[in-house]
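All the letters of the sequence shown, read from the start, carry residue numbers 415 to 646 under my numbering. Glycine included, every Cβ here is placed at the ideal spot set by N, Cα and C. Below you'll find the structure, written out as structure tokens, and then a few comments.
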Amino acid sequence: MRTIVSYQNKDELDQGAADIISQSINRMLEKQKTVVFGIVGGRSVSGIFRRLRTADISWEKTHIFMLDERIVPLDSPQSNFRLAKENFIDELLMNKRLLPENVHPFVMNICKPDLAISDYEDTLQRYGDIYDIILLSSGEDGHVAGLYPKHHSVSDESPSYIIFNDSPKPPKDRMSISRRLLVKSKVAILLFEGKTKRSAYAKFQDKHCDFNSCPGKLILLIDDSYVLTNLR
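So, in structure tokens, the structure goes:
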């Protein structure tokens, strides 16, 4: 089921997304032992992260994985993981609500040809080999995670993760969940936040536009998906 929700402003959207995440995780934990929660970086999600600090979530049963990452050190200002760490993960760890072993950043290894994405695949496999819930935010061009419109990243047939060095948006070097792994997710939340995303949202609503031109449309292949926006 796809649900589209429009909010008056960013604060309402942030709280709405946090509520959906909380409800979805807790509902899944009634039927399974753990939940895999996939996140991205970017300005649109930082407010949601901050609300997750106080959300009623069984964090001790929740595993956090990245959906995409810039190929930079984890302490770099460009790191997606650093954004999450500073906005909610650190506080949850400090309060002992979240276990250190439940936090799974992508740690690159420059000595490996694949920069260690195979290791990341192995880690995900230990927790069910899919993402239970993913939080995505559309870029101005319609990209989600590291899947870019009319770019080989979105057409790549890899079953799990991809790496590439020609990202249309800097920095050039990135890793990302693949299209095939993304659409296996159980629950997806996609944000179109702010006026700069109006064109991307129009493409998403255009019935003649496919996922190659608007990667956000991939969530339409996920049974339980939410589109949240503050655009009118």
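Assigned secondary structure, Thr537 (DSSP; H/G/I helix, E/B strand, else coil): helix
Element boundaries [beta strand (DSSP E), containing Leu512]: Per DSSP, Leu512 belongs to no beta strand (DSSP E) and is neither H nor E.
Other residues of its chain near Phe502: CB distance less than 6 Å, five sequence neighbours each side excluded: Phe463, Leu466, Arg467
Neighbourhood of Pro573 by C-beta, 6 Å cutoff - its chain only, sequence neighbours within 5 removed: Closer than 6 Å at the Cβ level, and outside the excluded window around Pro573, lie Arg594.
Nearest-angstrom Cα separation, counted from Leu642 out to Ile453: 16 Å
Identified DSSP bridge partners for His477: Beta-bridge pairing links His477 to Val450.
Assigned secondary structure, Ile544 (DSSP; H/G/I helix, E/B strand, else coil): coil
Same chain, Cβ closer than 8 Å to Glu474, neighbours up to 5 away in sequence not counted: Arg511, Leu512, Leu513, Asn516
The alpha helix (DSSP H) enclosing Tyr562, as first and last residue numbers: Annotation for Tyr562: no alpha helix (DSSP H) segment contains it, and DSSP assigns it neither H nor E.
Residue closest to Ile548, alpha-carbon to alpha-carbon, out of Gly560, Gln539, Ser599, Gly461: Ser599
Spatial distance of Arg416 from Ser581 (CA atoms): 29 Å
Sub-8 Å separation of Ile531 and Ala559 beta-carbons: no
Tyr615 (DSSP reduced to helix, strand or coil): helix
Rounded straight-line distance, which links the Cα of Ser627 to that of His477: If you take the alpha carbons of His477 and Ser627, they lie about 31 Å apart.
Contact check, Asp546 vs Met480, beta carbons under 8 Å: The answer is no: Cβ separation not under 8 Å.
Simplified DSSP assignment, three categories, for Arg593: helix
For Val521 and Pro585, the rounded distance between their alpha carbons: Distance from the CA atom of Pro585 to the CA atom of Val521, rounded to whole angstroms, is 17 Å.
Per-residue DSSP class, three states only, for Thr610: helix
Sequence-distant residues of its chain with Cβ nearer than 7 Å to His565 (five each side left out): Pro582
Own chain partners of Gly456 with C-beta closer than 6 Å, once the 5 adjacent residues on each side are dropped: Residues of the same chain with a CB within less than 6 Å of the CB of Gly456, apart from the 5 flanking positions on each side, are Ser551 in chain order.
For Arg416: DSSP bridge partner residues: Ser639
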